[in-house]
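Spelled out as structure tokens, the structure:
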């Protein structure tokens with residue numbers, strides 16, 4: 075999440091700066107690839123989303139036994155009801171804080187459009203009143219980006235669309251596992267081919283182009299970002315099948331960690347000062363996000379089966395748990411805080427590494443402080459209500 079906030083902070087401050095030549099200098103530095111390739115941070119969220127949806131679906135319904143999952147759930151009606159239940163839970167879980175932040179964005183951007191010395195970075199003052207319903211239905215990425223309200227909400231829309239597709243596959247897998255597997259594989263291959271084709275015909279060069287250059291064609295479209303989510307679902311099912319227990323030799327463990335680290339670092343920094351042919355560039359655009367998810371798969375499997383070592387200790391640190399509970403609200407809110415920081419100025423930013431560092435840290439801390447308030451006010455009550463209304467919860471109470 076800090077990686078996401080860092081990338082968005084750079085995008086906004088670069089837009090409202092007075093020394094753009096400095097940007098040209100820092101973008102040539104090796105470590106700036108961390109920011110240029112910040113899109114992989116979103117793939118991490120897609121991967122985690124697919125993994126948790128799959129693992130928790132099988133674990134909750136089967137309680138560790140896949141055979142139990144199929145009992146009493148045969149038929150279109152039963153599967154349809156389960157699918158509707160999954161969608162309603164998701165919609166109720168996400169929408170309240172989402173719509174609140176959208177309303178705040180609409181009001182503040184309209185005010186800044188009339189009062190700030192700067193123009194808003196996007197037309198939220200116009201788009202939100204006219205197209206808010208697309209956000210409400212989580213379909214805003216199916217329309218042109220210049221009509222999008224809360225442009226960063228593309229992730230929420232894509233993740234929800236993936237959730238719908240994943241729910242269909244999971245319900246189908248209950249009684250027709252091979253068909254579900256075939257459907258997932260077909261969609262995954264189609265996503266790879268579509269992404270490669272779009273990148274090729276647009277001559278997209280990931281090594282030199284702005285990562286947001288094809289935002290409306292590749293970056294935010296669900297059919298180009300599906301890979302990490304499906305890989306996450308596959309890993310979730312794998313962990314369910316082995317019950318998070320597997321024996322591996324020391325050689326396997328070492329090779330796994332080396333390959334995973336090499337893959338992650340290569341994707342982040344491997345294209346530095348590298349020129350790709352059109353075919354190789356299209357292939358990279360098509361497969362890189364899925365390769366990132368595959369590398370993360372080893373980390374999850376190793377940590378879940380007792381081979382994580384210090385990595386597992388860090389990722390499982392108790393201090394991260396309360397912070398993780400408000401990450402969703404932090405994602406919704408942080409771009410607004412960055413905009414408020416920039417558009418309240420009466421003169422442009424003067425870029426420098428210390429200015430960027432202080433701005434980033436301030437946005438990071440303030441995002442989580444305010445997100446806690448929004449989470450307690452809008453998210454937590456809905457989650458508690460859903461737990462009370464859960465059939466399993468009512469059964470335990472009775």
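Numbering (the numbering used here), first residue to last: 75 to 472. Ideal Cβ positions, reconstructed from N, Cα and C, are used throughout, including at glycine. Quantities reported herein were computed from a predicted structural model and do not represent experimental measurements.
- Here residue 423 carries a strand assignment [DSSP, helix/strand/coil].
- Inside the segment 385-422, DSSP marks no whole beta strand (DSSP E) run of 3 or more residues.
- Just so you know, the alpha carbons of residue 301 and residue 113 end up roughly 14 Å apart.
- Boundaries cannot be given for residue 318, as no alpha helix (DSSP H) includes it and DSSP labels it neither H nor E.
- Counting only runs that start and end inside the segment 181-248, the alpha helix (DSSP H) elements of at least 4 residues fall at 198-210.
- Looking at the backbone, the Cα of residue 383 and that of residue 377 are separated by about 7 Å.
- Under DSSP, residue 91 takes part in a beta bridge, and its partners are 423.
- Contact between residue 405 and residue 75 holds: CB atoms are separated by about 7 Å, below the 8 Å threshold.
- Here the alpha carbon of residue 163 sits roughly 17 Å from the alpha carbon of residue 449.
- With fewer than 16 other beta carbons inside 10 angstroms of its own, residue 352 counts as exposed.
- In this structure, residue 355 keeps its C-beta atom at 9 Å or more from the C-beta atom of residue 285.
- Inclusion of residue 409 and residue 199 in the CB contact set at 9 Å is not warranted, their separation being larger than that value.
- With respect to the C-alpha of residue 126, the residue from 347, 344, 310 having the closest C-alpha is 310.
- Between the alpha carbons of residue 104 and residue 157 lies a distance of about 47 Å.
- Comparing alpha carbon positions, the residue from 87, 111, 400, 260 closest to residue 454 is 400.
- The C-alpha of residue 207 is placed about 15 Å away from the C-alpha of residue 219.
- Per DSSP, reduced to three states, the secondary structure at residue 324 is helical.
- From the listed residues 359, 322, 242, the smallest Cα separation to residue 160 is found for 242.
- CA-to-CA, the gap between residue 297 and residue 271 works out to about 12 Å.
- Residue 321 and residue 333 have their alpha carbons spaced roughly 19 Å apart.
- Around the CB of residue 363, 16 or more other CB atoms lie within 10 Å, so the residue is classed as buried.
- In this structure, DSSP gives residue 295 a state outside helix and strand, which the three-state scheme calls coil.
- Annotated three-state conformation of residue 453 is helix, per DSSP.
- Pairing residue 345 with residue 402, the inter-Cα distance amounts to about 31 Å.
- In the structure shown, residue 250 adopts coil according to DSSP, grouped into three states.
- Between residue 115 and residue 307, the gap from beta carbon to beta carbon reaches 9 Å or more.
- For residue 352, the uninterrupted alpha helix (DSSP H) run begins and ends at 352-378, by DSSP.
- The straight-line gap separating the alpha-carbon atoms of residue 262 and residue 210 is approximately 27 Å.
- Straight-line measurement puts the Cα of residue 312 at about 12 Å from the Cα of residue 130.
- Residue 120 and residue 91 have their C-alpha atoms roughly 32 Å apart.
- For residue 108, the enclosing alpha helix (DSSP H) stretches over residues 107-110.
- Within its own chain, the residues whose Cβ lies closer than 7 Å to the Cβ of residue 295, once the five positions on either side in sequence are excluded, are 215, listed in chain order.
- DSSP places residue 280 outside both helix and strand once states are collapsed to three, so it counts as coil.
- The beta carbon of residue 97 sits closer than 8 Å to the beta carbons of 88, 91, 425 from its chain, once the five residues preceding and following it are set aside; these are given in chain order.
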